[in-house]
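Chains as they are written, first to last, in my numbering: chain A, 359 to 512; chain B, 3 to 472.
No residue lacks a Cβ here, since even glycine has one placed at the ideal position from N, Cα and C.
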């Protein structure tokens, strides 16, 4: 992820509700895995390892955010553990990460399909972003128009 | 709403339609569709099979079924090949013993062929050779594999004679193929025989003297009973393979075996033989003579040996036969060699994938050792040649068994490789990719459970996610 991508993610996180946050989390995980795969392809061993470690941390966060009141959490936990194991194996061997990428991408798409009523963002006091423009107390987008002829003769 | 219904509504008042709730029906349809996909995915995960019924993939199921049949066939053919190896190893182990026996017989023949031994010594050596020959016969008849005798010719081509009272088949070389043969007996074999005139064995010899039979000297003294001299003659002659018996009041000497081995009796002292009704003389028996009529390749020859004969031809063709008591001069005898007999191993999954294993008769008769005798020096030399031929034959048989075993081992390796590849192909068609199916299952589960799935997972804190953006 380059700096620009990170900035975009930061902005999105600031505005995200629960569902959007989950989708962002999974999206970040998919991007990280793809970067690890790319590094492996170009024989950048250290970079690949770092990316896999980051992906493992992201999966750990996914596990930590499971609510075990719901039975479905147990199913997800089993799957996360399985992919956790496969990523650890990938650290030792130069295996492909295609399976992992495919799974988390599919999971993201599945959650994206779930109908959900938009809530307010989880972060308090964050900037509100409107179509890429930002309003705050120091930065108001105003336009001063002078010498307007309104078409009427006084 | 059409006019008649509007009119009806006006008459009845407001009607609450509760029969069709389209949004709910649409949602239910999606739910059912999702439920079906989820059930299908769960079925595949629990069975491990991508194809559980023909509707999943009809063509794939058909191919997988054929592969499964082939796999089962290969598995069994692998077992068959191993059984074949076991059969060959059993035979090879027994032939190792046969080799050891023949080696010992050879040693004894070499010993008996030495001129420093007397007939009594050779008689003792001959006794051991006879015991070894009996053991050879016992081995060939007793060694079996799962009830099949493997060394007595049961695993060789079956031969049927037009008249089985005239001839018998001793052994067939491996190069001989099933065919029909015809032969004519042009000489009946005889044993060398000398008969004397009438003699009264109750009388005594009237002078000291001696005579010899094939070089073996029998001495007597004046006053010895003729019966005792006759007994001495019998014993000494027996050592050298000559049977002495009384035949209608006259002494007759007969060589034990058929063939053109000379029988010679001569006086040591003039008049000695005459006292027993015998006289100086020589007789030579005859070997069998056979004319080859049909079925034999040009250039085939007959090598007689007493009442047995070996037909040799090009490309290693060799048949050993023997005349029986019912044979008569000018008899024509047919022999049909059938393909039945050898073990046919099914070493492949399909029809025609077979291998034939032929093991000839290695009994004493099959090896030409039935009438082996070392009582006389000349016979010992003859026996030596025959034993060496037998050793050479057994070596060839063992080499052939070794070649069979090598071939079967390669077959087993090939079957294992084919099975592996076929199992892989079968798995590719039939079995699910667990990771892929788990992904699909999870996706369907999330869609199915929707809000619950979201509640179960969507509990992240923004700060934690931001930390991951380092």
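Chain-order list of residues whose beta-carbon lies under 6 Å from that of residue 434 of chain B (same chain, five-residue window excluded): Residue 434 of chain B sits at position 432 when you count from the first residue of the second chain. So the list reads 46 and 52, once near-sequence residues are dropped.
Grouping DSSP H, G and I as helix and E and B as strand, with all else coil, what is residue 353 of chain B? Within the second chain, numbered from 1, the residue matching residue 353 of chain B stands at position 351. In this structure, residue 353 of chain B counts as coil in the three-state DSSP scheme.
Residue 472 of chain A at chain B interface by Cβ criterion, 9 Å: Stepping through the first chain from its first residue, residue 472 of chain A is reached at position 114. Taking Cβ atoms only, chain B reaches closer than 9 Å to residue 472 of chain A, which makes this a yes.
Suppose you measure from the CA of residue 457 of chain A to the CA of residue 446 of chain A; what does that come to, to the nearest Å? Position 99 of the first chain, counted from the first residue, corresponds to residue 457 of chain A. Position 88 of the first chain, counted from the first residue, corresponds to residue 446 of chain A. Using only the alpha carbons, I get a separation of about 14 Å.
Name, please, each residue of chain B whose Cβ falls closer than 7 Å to the Cβ of residue 392 of chain A. Along the first chain, read from residue 1 onward, the residue named residue 392 of chain A stands at position 34. What residue 392 of chain A touches in chain B: nothing, since even the nearest Cβ is about 15 Å away.
The beta strand (DSSP E) enclosing residue 262 of chain B, as first and last residue numbers: Along the second chain, read from residue 1 onward, the residue named residue 262 of chain B stands at position 260. Per DSSP, residue 262 of chain B belongs to no beta strand (DSSP E) and is neither H nor E.
Against chain A, does residue 458 of chain B count as a neighbour if the rule is that its beta carbon must be under 9 Å from one of theirs? Position 456 of the second chain, counted from the first residue, corresponds to residue 458 of chain B. Yes, residue 458 of chain B counts as interfacial toward chain A.
Quick one, which of B:76, B:37 and B:58 has its alpha-carbon nearest residue 353 of chain B's? Walking along the second chain from the start, residue 353 of chain B turns up at place 351. Of the candidates B:76, B:37 and B:58, the one whose C-alpha sits nearest the C-alpha of residue 353 of chain B is B:76.
For residue 379 of chain A versus residue 480 of chain A, is the C-beta distance shorter than 9 Å? Residue 379 of chain A sits at position 21 when you count from the first residue of the first chain. Residue 480 of chain A sits at position 122 when you count from the first residue of the first chain. A contact, by the Cβ cut-off of 9 Å.
Starting from the beta carbon of residue 431 of chain A, find every residue of chain B whose beta carbon is closer than 8 Å, and list them in chain order. The residue labelled residue 431 of chain A in the question sits at position 73 within the first chain. Near residue 431 of chain A (Cβ distances below 8 Å), the residues of chain B are 458 and 459.
DSSP three-state label for residue 359 of chain A, please. To locate residue 359 of chain A, count along the first chain from 1; it is residue 1. DSSP places residue 359 of chain A in coil when its eight states are reduced to three.
What number of angstroms, rounded off, separates the C-alpha of residue 424 of chain B from the C-alpha of residue 74 of chain B? Looking up residue 424 of chain B in the second chain gives position 422. Looking up residue 74 of chain B in the second chain gives position 72. In a straight line, the C-alpha of residue 424 of chain B is about 11 Å away from that of residue 74 of chain B.
Please classify residue 490 of chain A as buried or exposed, where buried requires at least 16 other C-beta atoms within 10 Å of its C-beta. Here residue 490 of chain A is taken as the residue at index 132 of the first chain, counted from 1. Residue placement at residue 490 of chain A cannot be trusted, given a pLDDT of 49 that sits under 50; what the coordinates show is reported in the next sentence. Exposed.
Considering only residues of the same chain and omitting the five flanking positions on each side of residue 393 of chain B, which have a CB-CB separation below 6 Å? Here residue 393 of chain B refers to the residue found at position 391 when the second chain is read from its first residue. Closer than 6 Å at the Cβ level, and outside the excluded window around residue 393 of chain B, lie 104.
Measuring CA to CA, which of B:72, B:48 and B:110 is closest to residue 383 of chain B? For the purposes of this step, residue 383 of chain B is taken as residue 381 along the second chain, with counting starting at 1. Out of B:72, B:48 and B:110, B:110 has the C-alpha closest to the C-alpha of residue 383 of chain B.
For a contact defined as C-beta to C-beta under 8 Å, what are the partners of residue 451 of chain B on chain A? For the purposes of this step, residue 451 of chain B is taken as residue 449 along the second chain, with counting starting at 1. Neighbours of residue 451 of chain B on chain A, chain order: 430.
What is the DSSP secondary structure of residue 146 of chain B, reduced to helix, strand or coil? Within the second chain, residue 146 of chain B is the residue found at index 144, counting from 1. Correct three-state label for residue 146 of chain B: strand.
Cβ of residue 362 of chain A within 9 Å of any chain E Cβ: Among the protein chains in the structure shown, which are A and B, there is no chain E.
Given a threshold of 16 other Cβ atoms within 10 Å of its Cβ, counted over all protein chains shown, does residue 414 of chain B qualify as buried or as exposed? Against the second chain, residue 414 of chain B aligns to sequence position 412. Residue 414 of chain B should be labelled buried.
At 7 Å on the CB atoms, spell out the chain B contacts of residue 383 of chain A, in chain order. Translated into the one-based positions of the first chain, residue 383 of chain A becomes position 25. Under the 7 Å cutoff, chain B gives 462 and 467.
Any C-beta of chain A under 9 Å from that of residue 159 of chain B: To locate residue 159 of chain B, count along the second chain from 1; it is residue 157. Chain A, which has no Cβ nearer than 9 Å to the Cβ of residue 159 of chain B, makes this no.
Taking DSSP as the reference, what is the three-state secondary structure of residue 115 of chain B? If you number the second chain from 1, residue 115 of chain B lands on position 113. DSSP places residue 115 of chain B in coil when its eight states are reduced to three.
Once you ignore the five residues that flank residue 115 of chain B on each side, which residues in its own chain have a CB closer than 7 Å to its CB? Taking the second chain and counting its residues from 1, the one referred to as residue 115 of chain B is at position 113. Only 379, 382, 383 and 386 meet the Cβ criterion.
Considering only the alpha carbon of each residue, which of B:419, B:334 and B:38 lies closest to residue 166 of chain B? Position 164 of the second chain, counting from 1, holds the residue named residue 166 of chain B. Answer by Cα proximity: B:334.
Considering residue 307 of chain B, what are the terminal residues of the beta strand (DSSP E) in which it resides? Counted from its first residue, the second chain places residue 307 of chain B at position 305. From DSSP, the beta strand (DSSP E) with residue 307 of chain B extends over 303 to 307.
Run through DSSP, which three-state label would residue 443 of chain B get? The residue given as residue 443 of chain B occupies position 441 in the second chain. Helix, per DSSP.
Should residue 446 of chain B be flagged as near chain A, meaning a C-beta pair shorter than 9 Å? Here residue 446 of chain B refers to the residue found at position 444 when the second chain is read from its first residue. Residue 446 of chain B counts as touching chain A.
Enumerate in chain order the residues of its own chain whose CB-to-CB distance from residue 143 of chain B is below 6 Å, with the five nearest sequence positions on each side excluded. Here residue 143 of chain B is taken as the residue at index 141 of the second chain, counted from 1. Once the five neighbours on either side are set aside, the close Cβ partners of residue 143 of chain B are 154.
Can you look up residue 364 of chain B in the DSSP assignment and give me helix, strand or coil? Along the second chain, one-based indexing puts residue 364 of chain B at 362. Looking at residue 364 of chain B - three-state DSSP - the assignment turns out to be coil, as it is neither helix nor strand.
Test: residue 91 of chain B CB closer than 9 Å to a CB of chain A: Numbered from 1 along the second chain, position 89 holds the residue referred to as residue 91 of chain B. By this cut-off, residue 91 of chain B is not an interface position.
So for residue 222 of chain B, helix, strand or coil by DSSP? The sequence position of residue 222 of chain B within the second chain is 220, counting from 1. Correct three-state label for residue 222 of chain B: strand.
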